[in-house]
Amino acid sequence: MASLGIRRGVGHQLRQQPDHLGPGLRHAIPAPRPRGRALGTRQPRLPLGIPRADDHAIRARSRQALMSPRHLIAKAGLAAMHGHRFRRLHAEAKSPAPAQQRVLSEILAANADTAFGKRHGFDSIRNAADYRRAVPVQSYEDLRDDIEAQEASGESRLTREQPVYYNRTSGTVAAPKNIPVTESGLKRIRGNQQLAAYSFSRWPGLFGGKMFAVTGAAVEGHMPGGTPFGSASGLLYQNQPKLLRARYVLPAELTAIEDYEDRYLSMAAFGLSESRVTVAAMPNSSTLLRLLDIVNRRADELLCTVADGMLPSGVPPEVGAALKPRPRRAVELGRIWDAHGKLSYADIWPGLTGLVTWTGGSCGVAIRNLVPTLTTGCAIIELGYVASEVHGTVNVDPWRNLCLPPLDHTFFEFAPRADWEADTDTELLNLADLEHGKDYYVIVTTADGLYRYDMNDIVRVSGRIHDTPTLEFLQKGKGVTSITGEKLHEVQVLNAVGEALGKTNVEAEFFIVLANPATASYTLYLEPRGDMAPVPRLAPLVDAALRTGNIEYDGKRASGRLGELRMRWLTPGAGDAFREHRVAGGQRDTQFKYLHLQLAEECGFDFEPFHRPE
């Protein structure tokens with residue numbers, strides 16, 4: 006969604022620079038229009054607590070949206086540029102096994118002369134079975150030395166084509182992960198975004214007005230060798246043609262604002278200033294909740310900003326110049342505020358037709374809270390399984406939110422969830438072998454140098470298009486949680502708690518950290534050894550250590566999307582009771598072990614009876 010047009014040569018430009026309510030969430034949605042028949046609606050299942058949209062409002066809006074010249078022009082342009090790839094992906098979905106063999110052969114042949122390729126005999130690999138025997142499953146830490154060496158020396162360690170950019174994300178250690186992206190890789194990312202945009206354009210009226218799209222910063226810094234790192238989606242957003250950028254509400258330069266409060270105030274001001282938004286797009290919808298909270302807490306200040314077009318003094322001039330004074334708009338919103346004491350997105354963007362975002366995993370909690378603030382009938386459209394390492398799926402059917410893997414770009418392998426989590430010898434499966442409704446861990450091979458890379462993500466087979474399964478993201482895998490995209494690892498929790506215990510001289514008999522999407526926060530449950538009294542400063546120390554050890558946790562805390570770490574001191578015996586509970590559930594007492602970081606809903610043990618007030 007960040008890039009709908011074509012812009013070549015981004016890699017060349019960079020080298021010149023010195024520097025999931027889970028998967029079931031559905032609103033009532035307009036069905037695809039058959040020839041010669043009137044537009045209809047469907048009523049898919051809805052999770053408990055999510056109100057159904059009003060059918061009459063949807064039909065009326067859909068009929069009006071279908072006649073929107075802006076939408077028709079956007080749809081026609083996207084169809085002309087990307088319709089052929091859409092059709093090709095559907096054609097390859099009829100025979101996924103040959104398509105996957107072809108892409109694997111192409112990746113290995115292109116990189117057979119690299120250090121990694123020679124080390125693992127790429128030139129003698131003929132099929133997926135050979136590949137599995139030759140190359141073990143890799144983590145980022147397994148590849149880190151090759152990634153950093155290729156950046157520093159220019160030697161072809163992982164790919165023959167040199168990286169021109171790095172997608173930066175948090176890793177299992179304090180040092181972040183820098184995912185290499187070649188210039189060809191940027192084109193693939195752009196192509197997948199444009200393919201998704203074409204698919205979304207078939208939703209009536211989605212592109213009939215302006216787009217409120219939120220991305221990461223294009224360039225956050227530079228590697229030691231000078232190659233930039235940041236968010237690839239932000240980079241593509243920044244490098245769009247000028248004509249296309251005019252369709253977006255937020256200027257690309259806004260992501261460079263380092264102060265979170267100024268950045269969110271600026272985003273809120275631009276959003277309030279523009280009433281013609283028909284689609285909002287962002288990975289995590291908690292961003293919209295945060296923005297609406299700011300709007301309603303600082304309404305007077307923001308309405309003055311809309312009226313005079315003056316952003317905070319710390320905002321870069323190019324961002325400030327993009328906000329035009331709109332006194333009439335400020336008066337209009339002020340009247341709504343005076344009448345109701347608050348603003349909703351239905352008030353701010355009355356023509357909002359759809360929200361494109363992640364719906365799986367912990368993102369579902371944010372969507373539940375967001376839905377009552379949206380326009381009646383606003384479609385919730387799955388963005389797709391998109392990570393820093395790989396564009397895992399493209400939503401090819403926004404009516405049913407069915408997402409196909411781009412099997413023409415990436416080689417996929419899958420491990421059945423139960424087998425993988427049991428640490429047994431697991432036979433990995435190809436894409437065509439997956440079963441409907443089953444959960445799997447994802448291993449990917451990309452043309453940008455990730456070979457049999459363990460994503461530590463769990464996906465579920467949601468359906469099938471031709472002979473290829475469609476996938477939906479379920480959650481992060483073992484030892485990783487993510488409420489708003491922070492991807493917190495168990496080892497980071499162990500390090501942070503250990504550091505804080507050392508500073509406070511607290512000895513822990515037992516501890517566990519639980520992630521609670523409902524409160525957008527983490528809670529540390531800790532049983533001290535002996536009769537040691539609670540130490541109030543322990544929680545802030547752990548929180549600070551987590552922020553130091555995980556750049557994305559720090560970013561979410563700074564922006565307010567994650568609350569501060571909570572602390573629950575436990576009475577003696579809590580750890581033993583937890584152990585007994587796990588053993589009663591089938592775990593062997595002699596082999597007892599547990600993850601120190603879990604989702605609260607999956608823990609299955611109530612610590613509240615053991616709560617010890619400070």
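Here the working numbering is used: the sequence shown runs in plain steps of one and ends on residue 619.
A virtual CB, placed ideally from N, CA and C, is assigned to each residue, including glycine.
For P168, the pairing in a beta bridge is given by DSSP as T187.
Taking every protein chain shown into account, the CB of N183 has 16 or more other CB atoms within 10 angstroms, so this residue is buried. The region 121 to 130 makes no contact with the region 435 to 445; the number of CB pairs closer than 8 Å stays below 3. Of the candidates A96, H616, A201, G482, the residue whose Cα lies closest to the Cα of L600 is G482. L409 and T475 do touch by the CB rule: their CB atoms are close to 6 Å apart, below 8 Å.
Spanning the alpha carbons of R331 and D313 requires a straight line of approximately 7 Å.
When C-beta atoms of the region 398 to 415 are compared with those of the region 183 to 203, three or more pairs fall below 8 Å, so the two segments count as touching. Q155 and Y530 have their C-alpha atoms roughly 43 Å apart. By the criterion of a C-beta distance shorter than 7 Å, G580 is surrounded in its chain by E514, F515, E532, once the five residues flanking it on both sides are discounted. Distance from the Cα of G568 is smallest, within the candidate group E606, N521, H586, for N521. Ranked by Cα distance from A134, the first of S110, A157, G159 is S110.
As the crow flies, the alpha-carbon of N116 is around 8 Å from that of A452. Under the 10 Å beta carbon count, T380 is surrounded by 16 or more other beta carbons and is classified as buried.
Looking at the DSSP output, E387 bridges to T362. Beta-bridge annotation (DSSP): Y527 is paired with A520. Secondary structure note for M272: it is in no beta strand (DSSP E), and the uninterrupted alpha helix (DSSP H) holding it is 265 to 278.
Secondary structure of Y558 (DSSP, three-state): helix. Assigned with DSSP and collapsed to three states, P74 falls in helix. The DSSP-derived three-state label of Q603 is strand.
Contact between the region 284 to 293 and the region 339 to 348 is absent: fewer than three C-beta pairs spanning the two stretches fall below 8 Å.
Per DSSP, the beta bridge partners of P533 are A513. Taking a cut-off of 8 Å for Cβ pairs, the region 542 to 559 and the region 503 to 511 touch, as three or more such pairs fall below it. Distance from the CA atom of G230 to the CA atom of I448, rounded to whole angstroms, is 29 Å. The C-alpha of R92 lies about 10 Å from the C-alpha of L200.
Taking a C-beta distance under 8 Å as the contact criterion, I470 and F205 do not qualify as a contact pair. Between the region 128 to 142 and the region 98 to 110 there are three or more C-beta pairs closer than 8 Å, enough to call the two in contact. Going by DSSP, S467 is part of the beta strand (DSSP E) stretching over 458 to 470. Y558 and V224 have their C-alpha atoms some 19 Å from each other. A residue is called buried when at least 16 other Cβ atoms come within 10 angstroms of its Cβ; D462 meets this threshold and is buried. Just measuring C-alpha positions, the residue of R373, F583, T398, L296 sitting nearest V466 is T398.
By the neighbour-count criterion, in which 16 or more other beta carbons inside 10 Å mark a residue as buried, S158 falls on the exposed side. Just so you know, the alpha carbons of G454 and E258 end up roughly 30 Å apart. Per DSSP, the beta bridge partners of T475 are G468.
The DSSP-derived three-state label of K123 is helix. Annotation for W342: the continuous alpha helix (DSSP H) segment containing it runs 332 to 345.
Looking at the backbone, the Cα of R302 and that of E606 are separated by about 31 Å.
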